[in-house]
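**Q** Each step along the sequence shown adds one to the number in the numbering used here, with nothing skipped, and position 244 is 256.
A virtual CB, placed ideally from N, CA and C, is assigned to each residue, including glycine.
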Amino acid sequence: MSQPSQTFMRGTLFLSVSAFINRILGFISGMFVARVLGADGIGLLMMAHPLVPLVITVTELGLPVAISKLVAEADACGDRTKVRRILHISLFITGFLSITLTTLSLLGSKWIASILLSDQRAYYAMLAITPIAPIVAVSAVLKGYYRGKQRMHTIAASDVLENTVQIACVLALVHVLLPYGVHYAAAGAMAASVVSEISSLLFLLASYKMRGEVKQPGETWVAHLRNGKSTLVELLRIGLPTTGNGVVHSLYGAFQPLLITTSLTAAGIGTALATKQFGMIAGYAFPLLFMPSFITQSLSTALIPAISEAAANKNSLLMHTRMEQAMRLGLLIGAPATVILYVWSTPLTTLIYNAPEAGLLLKILAPMFFLHYFDAPLHAILLGLGRANATLWNYVITTVFKIAAIYVLGSHFGIVGIAFALGLSIVLITMLNFYSISGSIGFYMDIRIYARVTFSMIIMMFCGLLAMRYLDGLDVRLLWNVLGSVGFSLLAYFAALSLTKAWERRSRRIYS
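1) What three-state label does DSSP hand GLN132 in the structure shown?
2) Would you mind giving the Cβ-Cβ distance between SER151 and LEU216, rounded to the nearest angstrom? I have them listed as a contact below 8 Å.
3) From LEU25 to GLN309, what does the alpha carbon distance come to, in whole angstroms?
4) Could you tell me which whole beta strand (DSSP E) segments of length 3 or greater appear in the segment 172 to 197?
5) Exposed or buried, ALA322, counting other C-beta atoms within 10 Å across all chains shown (16 or more means buried)?
6) Give the C-beta separation of LEU244 and LEU73 to the nearest angstrom, bearing in mind that I take them to be a contact with Cβ-Cβ under 8 Å.
7) Helix, strand or coil: how does DSSP classify ASN327 here?
8) Return helix, strand or coil for TRP492, following the three-state DSSP convention.
9) Taking only the alpha-carbon atoms, compute the straight-line gap between ILE144 and THR114 and give it to the nearest angstrom.
10) Which value, in whole angstroms, describes the spacing of the CA atoms of SER519 and VAL465?
11) As a quick exercise: from VAL498, ALA463, ASP484, pick the residue whose alpha carbon is nearest that of MET472.
12) Only counting the same chain, and skipping five residues up and downstream in sequence, which positions put a Cβ closer than 6 Å to that of LYS94?
13) Pull up the CB-CB distance for THR69 and THR255, whole angstroms please, since I reckon it's below 8 Å.
14) For ARG47, does the count of other Cβ atoms within 10 angstroms reach 16, so buried, or fall short, so exposed?
15) Do GLY55 and ALA266 have their C-beta atoms closer together than 9 Å?
16) Name the residue from CYS475, SER468, ARG489, VAL488 whose alpha carbon lies nearest to the alpha carbon of SER510.
17) So, ASN445 versus LEU397, is the Cβ gap smaller than 9 Å?
18) Taking all protein chains shown into account, do 16 or more other C-beta atoms lie within 10 angstroms of the C-beta of CYS89, making it buried, or fewer, making it exposed?
19) Grouping DSSP H, G and I as helix and E and B as strand, with all else coil, what is ASP536?
20) In whole angstroms, what is the alpha-carbon distance linking ALA338 and LEU394?
21) By Cβ distance, which residues of its chain are closer than 8 Å to TYR407, with the 5 residues on each side in sequence left out?
22) Quick check on this structure: which residue in HIS332, ILE210, SER110 has the alpha carbon closest to the alpha carbon of ASP458?
23) I need the DSSP call for MET202, collapsed to helix, strand or coil.
24) Shortest alpha-carbon distance to LEU37 belongs to which of ARG159, VAL182, GLN132?
25) Can you find the residues in the same chain that come closer than 7 Å, C-beta to C-beta, to PHE506, ignoring five residues on each side of it along the sequence?
26) Would ARG340 pass as a contact of ILE461 if the rule is Cβ separation under 9 Å?
27) Please check the pair GLY156 and SER80, which I expect to be a contact at CB under 8 Å, by giving their CB distance rounded to whole angstroms.
28) Measuring alpha carbon to alpha carbon, tell me which residue in LEU360, SER328, ILE409, SER41 is nearest ALA180.
29) Between LYS288 and LEU57, what straight-line distance do the alpha-carbon atoms span, to the nearest angstrom?
30) The alpha helix (DSSP H) that contains GLN289, what's its start and end?
31) What separation, rounded to the nearest whole angstrom, lies between the Cα atoms of PHE306 and SER28?
32) Would you check if the segment 425 to 435 and the segment 270 to 283 touch, i.e. whether three or more CB-CB distances between them fall below 8 Å?
33) Figure out for me which residue from ARG159, ALA125, PHE32, PHE44 has the closest Cα to the Cα of PRO76.
34) Can you say whether ASN175 is buried or exposed, counting buried as having 16 or more other CB atoms within 10 angstroms of its CB?
35) Straight-line CA distance for TYR385 to SER423?
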């Protein structure tokens with residue numbers, strides 16, 4: 013196996029393991045917060061959060077992706093001075109912009125809250141999370157540097173530390189502030205995120221201090237900034253298209269809570285109930301849906317440079333092999349996850365959140381969300397091919413569709429209509445990205461693999477339903493019923509995969 017392949021797989025492994033740990037920690041934290049604050053408090057959290065991603069996106073200017081690419085190129089050429097210059101310029105830009113915008117956000121917080129928040133109880137939570145922007149922006153620059161250096165283990169360790177600190181702070185602050193009201197407890201949960209980000213940044217800085225770039229005699233910030241015009245142009249040429257995608261995403265995210273609650277109000281639902289229903293879909297259903305996707309997300313992070321390298325070397329075989337690996341992984345992970353989230357939707361929301369009413373929303377979203385497990389790799393492939401503009405326009409089209417669908421379906425069918433609108437938007441963005449890749453370099457698929465996994469899904473669903481009904485007849489407690497029936501269904505799924513030989517790799521036949 014070649015060194016690039018070892019680096020690609022090792023980086024994916026590090027990120028996948030850390031992502032799994034982080035998902036577990038985050039899930040535990042989310043489950044605690046959801047049970048303590050309830051759907052009402054979760055709704056306040058979801059309303060308060062969207063402003064910060066917008067500030068972070070604007071301040072980052074897409075630099076983390078550009079940094080990783082340019083640092084890797086400069087490191088390969090042995091240009092240590094350029095590596096340090098990239099880091100200095102990026103830190104200056106993100107630091108200046110993030111502090112400026114965060115200050116303006118804090119000064120104008122009352123006015124911003126009056127526009128974005130349909131429930132003004134979320135004001136304190138919004139205020140508590142706002143200072144996180146400069147911390148995240150600087151951390152993102154350092155993580156971009158570590159990606160360029162192929163030091164994925166440093167990023168993985170910082171992420172685990174961040175989530176560990178966050179869960180400890182959430183448990184403490186929510187417990188202390190809840191007696192003063194749910195809005196103060198929500199603010200405490202947001203403040204915990206700020207503390208955890210600080211701990212992650214300190215770890216990254218300490219790692220850089222120990223194993224980072226060595227400053228040469230005479231090097232200063234002013235010298236790097238004065239001589240860094242060409243480097244700045246390179247950074248922005250790569251980063252700005254990514255920023256456009258992020259700005260659209262953040263703008264939509266900032267107004268999504270208001271859009272959803274407005275459409276629910278148009279359906280005759282009061283503000284308090286609308287906040288609660290928004291909390292169910294954003295705080296209960298989506299965390300469960302996103303839980304299994306950590307592997308494909310980690311793979312996508314390592315996939316961008318892998319596709320870029322193959323494209324630069326005009327190695328079509330390697331490029332399509334990487335694509336096939338990513339799509340197969342998405343298929344094998346997304347298939348059982350979709351069956352579990354669909355069949356056990358109500359038992360899961362009952363066990364985890366004590367909210368059986370959220371089960372219907374999860375059941376609606378699960379089949380359409382199946383395509384999300386392919387979307388992250390597709391997005392990464394387009395970026396690796398240098399088609400950031402395609403990802404931007406695909407997302408713009410999907411966002412326009414999503415806004416219209418949420419308002420129309422939500423105002424007519426309430427929260428169920430909103431669930432369908434969100435699910436359909438996931439289908440649309442995945443198909444658009446797929447067609448963009450197909451139109452660019454072609455896309456080869458072994459239909460037999462997909463047919464075999466579909467058959468395995470059907471077997472898994474059938475066996476799971478049988479096991480669940482059998483355990484129901486024995487009057488087994490819900491927890492043991494879910495664990496037993498899900499475990500049995502997974503055994504059936506893997507047995508069906510083995511029986512149909514879905515594990516076999518056939519990419520050589522495709523590309524030969």
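**A** Quick answer:
1) The residue given as residue 132 occupies position 120 in the sequence shown. Here GLN132 sits in helix by DSSP.
2) Against the sequence shown, residue 151 aligns to sequence position 139. Against the sequence shown, residue 216 aligns to sequence position 204. Their Cβ separation, rounded to whole angstroms, is 6 Å, which keeps SER151 and LEU216 in contact under 8 Å.
3) Along the sequence shown, read from residue 1 onward, the residue named residue 25 stands at position 13. Along the sequence shown, read from residue 1 onward, the residue named residue 309 stands at position 297. Our two residues, LEU25 and GLN309, have alpha carbons roughly 12 Å apart in a direct line.
4) If we require 3 residues or more, the segment 172 to 197 turns out to have no beta strand (DSSP E) run fully inside it.
5) As a working mapping, residue 322 is identified with position 310 in the sequence shown. When all chains shown are included, ALA322 counts as buried.
6) In the sequence shown, residue 244 corresponds to position 232, counting from 1. In the sequence shown, residue 73 corresponds to position 61, counting from 1. Contact check for LEU244 and LEU73: beta-carbon distance about 10 Å, past the 8 Å limit, so the pair fails to qualify.
7) What you label residue 327 is simply residue 315 of the sequence shown in a count that begins at 1. ASN327: coil per DSSP, three-state reduction.
8) Position 480 of the sequence shown, counted from the start, is the residue given in the question as residue 492. Three-state DSSP puts TRP492 in a helix.
9) Sequence index remark: in the sequence shown, residue 144 carries index 132 (1-based). Sequence index remark: in the sequence shown, residue 114 carries index 102 (1-based). ILE144 and THR114: Cα-Cα distance of roughly 9 Å.
10) Mapped onto the sequence shown, residue 519 falls at position 507. Mapped onto the sequence shown, residue 465 falls at position 453. Bear in mind that the predicted position of SER519 carries a pLDDT of just 41, short of 50, making it unreliable; the figure below should be weighed with that in mind. C-alpha separation (whole angstroms): 16 Å.
11) Numbered from its first residue, the sequence shown carries residue 472 at position 460. Answer by Cα proximity: VAL498.
12) For the purposes of this step, residue 94 is taken as the residue at position 82 of the sequence shown. Taken in chain order, the residues that qualify are ALA86.
13) Walking along the sequence shown from the start, residue 69 turns up at place 57. Walking along the sequence shown from the start, residue 255 turns up at place 243. Contact flag correct, Cβ pair sits at about 6 Å.
14) Looking up residue 47 in the sequence shown gives position 35. Exposed, by the Cβ-count rule.
15) Against the sequence shown, residue 55 aligns to sequence position 43. Against the sequence shown, residue 266 aligns to sequence position 254. No.
16) In the sequence shown, counting from the first residue as 1, residue 510 sits at position 498. Closest option to SER510, judged by alpha-carbon separation, among CYS475, SER468, ARG489, VAL488: SER468.
17) By one-based count along the sequence shown, residue 445 stands at place 433. By one-based count along the sequence shown, residue 397 stands at place 385. Cβ atoms of ASN445 and LEU397: not closer than 9 Å.
18) Residue mapping note: residue 89 aligns to position 77 of the sequence shown, counting from 1. Flag for CYS89 reads exposed.
19) A question about residue 536 goes unanswered here, because the residues of the chain that appear run from 13 up to 524.
20) As a first step, residue 338 is located in the sequence shown; it is residue number 326 there, counting from the start. As a first step, residue 394 is located in the sequence shown; it is residue number 382 there, counting from the start. If I take the Cα positions, the gap works out to 13 Å.
21) Residue numbering aside, residue 407 sits at position 395 when the sequence shown is read from its first letter. Result list for TYR407: ASN257, VAL260, HIS261, ILE441, in chain order.
22) Indexing the sequence shown from 1 puts residue 458 at position 446. Ranking HIS332, ILE210, SER110 by Cα distance to ASP458 puts HIS332 first.
23) Within the sequence shown, residue 202 is the residue found at index 190, counting from 1. MET202 falls in the helix class under three-state DSSP.
24) Position 25 of the sequence shown, counting from 1, holds the residue named residue 37. Answer by Cα proximity: VAL182.
25) Counting from 1 along the sequence shown, the entry for residue 506 is found at position 494. So the list is empty, once near-sequence residues are dropped.
26) The residue given as residue 340 occupies position 328 in the sequence shown. The residue given as residue 461 occupies position 449 in the sequence shown. Yes, the pair counts as a contact, with Cβ atoms nearer than the cut-off.
27) Reading the sequence shown from its first residue, position 144 is the one you call residue 156. Reading the sequence shown from its first residue, position 68 is the one you call residue 80. For a cut-off of 8 Å, the C-beta gap from GLY156 to SER80 is around 5 Å, short enough to register as a contact.
28) Residue numbering aside, residue 180 sits at position 168 when the sequence shown is read from its first letter. Closest by C-alpha distance to ALA180, out of LEU360, SER328, ILE409, SER41, is SER41.
29) Counting from one through the sequence shown, the residue named residue 288 turns up at place 276. Counting from one through the sequence shown, the residue named residue 57 turns up at place 45. Those two C-alpha atoms are separated by around 11 Å.
30) On the sequence shown, residue 289 is found 277 positions in, with the first residue counted as 1. Residues 283 to 291.
31) Position 294 of the sequence shown, counted from the first residue, corresponds to residue 306. Position 16 of the sequence shown, counted from the first residue, corresponds to residue 28. Whole-angstrom Cα-Cα distance: 7 Å.
32) The way I'd put it, the segment 270 to 283 does touch the segment 425 to 435; three or more beta-carbon pairs between them come closer than 8 Å.
33) Working through the sequence shown from its first residue, we reach residue 76 at position 64. Of ARG159, ALA125, PHE32, PHE44, the residue nearest in Cα terms is ARG159.
34) For the purposes of this step, residue 175 is identified with residue 163 of the sequence shown, where counting begins at 1. That one is buried.
35) The sequence position of residue 385 within the sequence shown is 373, counting from 1. The sequence position of residue 423 within the sequence shown is 411, counting from 1. The straight-line gap from Cα to Cα measures roughly 29 Å.
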